[in-house]
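Residues in the sequence shown are numbered from 0 upward in steps of one, following numbering that gives the first Met the number 0. Using N, Cα and C, we set each Cβ at its ideal position, and we do this for glycine too. Here the structure is a predicted model, which means the values were calculated and not measured. Since the structure comes first, as structure tokens, the remarks are kept for the end.
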Amino acid sequence: MEVLSERSEDTGAASCPIDLPALVDRIRRWAAELGFSAVGVSDLDVAQPAQRLRAWLAREFHGQMDYMQRNEPVRADPTRLLAGARRAICARMDYRPRADGEDWIDREWRRLADPNTAVVSVYARGRDYHKVVRARLHALAQRIGEEVAGFGFRVCTDTAPVFEVELARRAALGWRGKHTLLLTREAGSMFFLGEILTDLPLPLDQPAQEHCGSCTRCIDVCPTRAIVAPYELDARRCISYLTIEHPGSIPEPLREAIGNRVYGCDDCQLVCPWNKYAQRAQLPDFDVRNGLDSATLVELFGWSEEQFRQRHAGSAILRIGYVRWLRNLAVALGNAPASAGRDPRRDSFATRTPCTDLAGWTPHGCRALRPPWR
Numbered sequence: 000m001e002v003l004s005e006r007s008e009d010t011g012a013a014s015c016p017i018d019l020p021a022l023v024d025r026i027r028r029w030a031a032e033l034g035f036s037a038v039g040v041s042d043l044d045v046a047q048p049a050q051r052l053r054a055w056l057a058r059e060f061h062g063q064m065d066y067m068q069r070n071e072p073v074r075a076d077p078t079r080l081l082a083g084a085r086r087a088i089c090a091r092m093d094y095r096p097r098a099d100g101e102d103w104i105d106r107e108w109r110r111l112a113d114p115n116t117a118v119v120s121v122y123a124r125g126r127d128y129h130k131v132v133r134a135r136l137h138a139l140a141q142r143i144g145e146e147v148a149g150f151g152f153r154v155c156t157d158t159a160p161v162f163e164v165e166l167a168r169r170a171a172l173g174w175r176g177k178h179t180l181l182l183t184r185e186a187g188s189m190f191f192l193g194e195i196l197t198d199l200p201l202p203l204d205q206p207a208q209e210h211c212g213s214c215t216r217c218i219d220v221c222p223t224r225a226i227v228a229p230y231e232l233d234a235r236r237c238i239s240y241l242t243i244e245h246p247g248s249i250p251e252p253l254r255e256a257i258g259n260r261v262y263g264c265d266d267c268q269l270v271c272p273w274n275k276y277a278q279r280a281q282l283p284d285f286d287v288r289n290g291l292d293s294a295t296l297v298e299l300f301g302w303s304e305e306q307f308r309q310r311h312a313g314s315a316i317l318r319i320g321y322v323r324w325l326r327n328l329a330v331a332l333g334n335a336p337a338s339a340g341r342d343p344r345r346d347s348f349a350t351r352t353p354c355t356d357l358a359g360w361t362p363h364g365c366r367a368l369r370p371p372w373r
């Protein structure tokens, strides 16, 4: 049995011993009470993913995500985030909306096939997961701190520079799929990850085994061929990057492949056989808001900036801003049939948005609005 002597905050002298395996069991129980579906413990050996990241950056696959290059030294050394860090407590939180039916994957494919429908990635239809996951990880850390005096920790969501997929793999939460996301046999890949870096020498879980075999469905289905090889993603071609992270105009050769996706892309997840096991969220936070599972392109394009801010308050979508939101919708409208562009409400759009004139992206004959970034 692994035991750690707890130290008095006043004197530093050893006091009662801590049964670390039992503590991990309690951490799992507390995490479940907070809405997490699985928890594991990883060491912080990230030498291999750090080497892969440097090669990825050298190929400029990060596009304009300059922070990936800027934060590379910190990502490669978690002790820069928490001095004395020894472990990562990794947690999984499922996000499929609670109201989803058993045919949810078929429904998503039908929506993608309807060019008048605006498709928002499933994870972004509810509350901002950064806030939800971060708050509950802090609550979990606080609970641990109530039992362990002087508990040192740092909560991370995907806004902190950590190799969260690698840490989660080493924590036995799943394996890295060929689309680069974490996969698990129990829940596919429709979940969020979060970590608590800690200085506690908690017992480690065994890294998960890979179960993709020879399957290449995620690679084959990618609309923009962004998965250039198994486990290698060229973000510059990825629709999630283009509609969320990429500033300015979307490169014209990639616009038609974006189709009606206006925030993110789930194709590589929808096609994955393991996602037939994707779990519904335990929390109401990820319930669909503002009809984002059924809205049309014209409907969303008609929102004023005030409506955009009000309706996306507390949503991850808010961070891309109104102009980038309109850019994505304009591209999708340009991909839609001409009938979508003849909605009588369109005539007033130019005066209700930052867009200044009508123009040119018309692969299917629909005149999409030209905003000021073009």
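Query, Result
"Sort out for me which residues DSSP pairs residue 41 with in a bridge.", "87"
"What residue from 78, 138, 55 has the CA that sits closest to residue 35's CA?", "138"
"Among the residues of its own chain, which have a CB less than 6 Å from the CB of residue 253, if the five just before and after it don't count?", "223"
"Hey, quick one: how far does the alpha helix (DSSP H) through residue 180 stretch, first residue to last?", "Element bounds for residue 180: n/a, residue is neither H nor E."
"By Cβ distance, which residues of its chain are closer than 7 Å to residue 352, with the 5 residues on each side in sequence left out?", "Reliability of the predicted coordinates at residue 352 is poor, the pLDDT of 43 falling under 50, and the value obtained from them is presented with this limitation in mind. So the qualifying residues of the chain are 325."
"Does DSSP put residue 203 in a helix, a strand or coil?", "coil"
"So what does residue 174 bridge to, in DSSP terms?", "182"
"Mapping the DSSP letters down to three states, classify residue 424 as helix, strand or coil.", "No statement about residue 424 is possible, as the shown extent of the chain runs from 0 to 373 and does not include it."
"Measuring alpha carbon to alpha carbon, tell me which residue in 105, 99, 40 is nearest residue 88.", "40"
"Which term fits residue 65, buried or exposed, when burial requires 16 or more other beta carbons within 10 angstroms of its beta carbon?", "exposed"
"How far does the alpha helix (DSSP H) with residue 121 in it reach, from first residue to last?", "Neither: residue 121 is in no alpha helix (DSSP H) and is coded neither H nor E."
"Assign residue 365 to buried or exposed, taking buried as 16 or more other Cβ atoms, counted over all protein chains shown, within 10 Å of its Cβ.", "Since pLDDT at residue 365 reaches only 42, below the 50 mark, its modelled position is unreliable, and the value read off the structure follows with that caveat. Buried, by the Cβ-count rule."
"Leaving out five residues on either side along the sequence, give the residues of the same chain with a beta carbon under 6 Å from the beta carbon of residue 373.", "Confidence at residue 373 is low in this model, with a pLDDT of 35, below 50, so the placement of that residue should be treated as unreliable; the coordinate-derived value is given next. Excluding residues within five positions, the ones whose Cβ falls inside 6 Å are 248."
"Does residue 314 have its Cβ less than 8 Å from a Cβ in chain D?", "The structure shown contains no chain D; it is built from a single protein chain."
"Rounded C-beta distance between residue 118 and residue 259? I'm assuming under 8 Å.", "5 Å"
"State buried or exposed for residue 58, treating a residue as buried only when at least 16 other CB atoms are found within 10 Å of its CB.", "exposed"
"Give every residue of the same chain whose Cβ lies closer than 7 Å to the Cβ of residue 304, excluding the five residues on either side of it in the sequence, and list them in chain order.", "321"
"Taking DSSP's pairing of strands, which residues face residue 116 in a bridge?", "295"
"Just verifying my parser: in three-state terms, what is the DSSP assignment at residue 92?", "strand"
"Apart from the five residues on each side of it in sequence, which residues of its chain come closer than 7 Å, Cβ to Cβ, to residue 291?", "119, 124"
"Just the C-alpha distance for residue 202 and residue 104, rounded to the nearest angstrom, thanks.", "38 Å"
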